[in-house]
Amino acid sequence: MTDNRPDDDSVADLMNITAHELKTPIGAVKGCIELLQQLGPLTDRQTHFAERALAILQHMEHMVSEMLDMGRLDSKQALNLVECDLRVVFEDALNMQGEVAEAREITLHKSIELGANLLMADAGLVAQVVNNLVSNAVKYNRNGGEVWLTASGDDLFVTISVRDTGLGISPEEQPRVFERFFRARETAALRIEGSGLGLAITEAIVRKHGGRIKLDSTPGKGSTFTVILPRRPLKDGTGKDLDEDGGAVVERSESHHRTTEHEKASEAIDAVSDSTQEPRGRATGDSQSDRV
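For the sequence shown, position 238 (counting from the first letter as 1) is numbered 238 according to the working numbering, and the numbering increases by one without interruption.
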């Protein structure tokens with residue numbers, strides 16, 4: 001029997017084309033509504049519907065942006081490797097969610113072990129991973145809940161964890177959370193907005209760095225997402241080996257050596273991922289800990 005299902009490249013191309021085609025008309029409609037608001041005066045009823053329309057359009061813009069992000073990750077672009085400081089990444093992520101968290105009385109904590117803040121990575125993409133996870137931890141939390149953002153590490157790996165006291169995810173749905181467009185039944189029933197692409201993008205970024213992401217969740221108690229990244233990726237995001245300075249390896253013997261190192265690193269990441277325990281809410285030992 002012939003399998004007529006589209007391959008991943010075809011789906012990625014379709015997503016990219018669709019997102020680009022939607023971007024312009026959404027922007028045009030948004031501009032018209034904003035112009036109406038400026039020209040006014042509008043009645044209270046007209047103002048209500050204009051604000052509601054803008055909110056819907058902003059949600060659509062976010063979905064289009066995520067579709068474009070997914071397309072870029074599928075395009076085999078090389079990583080822009082720089083020294084990434086998790087202290088800056090964490091601070092920015094918590095600041096972005098601070099207003100929403102404060103409105104719902106959600107307490108944000110962060111903790112970074114000394115020496116665990118630096119790694120070679122695509123800083124913009126790592127920031128997107130942390131932003132996505134913290135945003136979800138706030139969005140799917142209960143009023144008065146808590147979120148812990150922590151980082152720990154050793155010579156080879158950095159571990160980032162985001163723990164919340166929110167809805168949690170049922171055991172049967174947990175294997176699907178990183179699928180594109182998947183949304184848990186409870187979040188859909190509660191009408192919590194989302195595209196179903198955020199975690200798929202997060203996993204794609206982590207894997208592009210040669211890392212792993214795992215989920216531990218208990219329904220009604222909360223979830224913990226744990227990201228394990230190598231201090232220095234051995235691949236450039238397109239499958240090419242990198243030397244110690246982040247440059248492409250040309251010599252065959254060096255390439256073979258780096259491939260062997262990559263295999264060992266992948267095995268080590270798997271081992272660390274399997275043994276990772278749920279992070280504690282408070283920092284212990286030599287660390288930098290803050291309540292936001």
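Quick reminder that beta carbons are idealized off the backbone N, C-alpha and C, glycines included. In this text the structure is predicted, and so the values were computed from the model without any measurement.
Residue i, DSSP secondary structure in three states
i: residue 230; result: strand
i: residue 170; result: coil
i: residue 18; result: helix
i: residue 178; result: coil
i: residue 249; result: Low confidence applies here, because residue 249 scores a pLDDT of 43, under 50, leaving its location unreliable and the question unanswered by this model.
i: residue 208; result: helix
i: residue 30; result: helix
i: residue 76; result: coil
Residue i classed as buried or exposed, judged by whether at least 16 other C-beta atoms fall within 10 angstroms
i: residue 49; result: exposed
i: residue 230; result: buried
i: residue 134; result: buried
i: residue 185; result: exposed
i: residue 127; result: buried
i: residue 28; result: exposed
i: residue 95; result: exposed
Sub-9 Å separation of residue i and residue j beta-carbons
i: residue 125; j: residue 33; result: no
i: residue 228; j: residue 157; result: yes
i: residue 100; j: residue 202; result: no
i: residue 219; j: residue 170; result: yes
i: residue 70; j: residue 22; result: no
i: residue 223; j: residue 137; result: yes
i: residue 37; j: residue 24; result: no
i: residue 68; j: residue 132; result: no
Residues that residue i bridges to, as DSSP identifies them
i: residue 83; result: 120
i: residue 158; result: 153, 229
i: residue 214; result: 226
i: residue 163; result: 148, 224
Check: residue i C-beta below 8 Å from any heavy atom of the ligand COA
i: residue 56; result: Ligands in the displayed structure: none, and consequently the ligand COA is not present.
For the stretch 41-58 and the stretch 101-115, state whether three or more C-beta atom pairs, one from each stretch, are separated by less than 8 Å.
In short, these stretches do not touch, since the Cβ pair count stays below three.
The stretch 144-153 / the stretch 161-168 touching (three or more Cβ pairs under 8 Å):
A contact exists between the stretch 144-153 and the stretch 161-168.
At least three beta-carbon pairs within less than 8 Å, the stretch 81-95 to the stretch 114-132
Yes, they touch.
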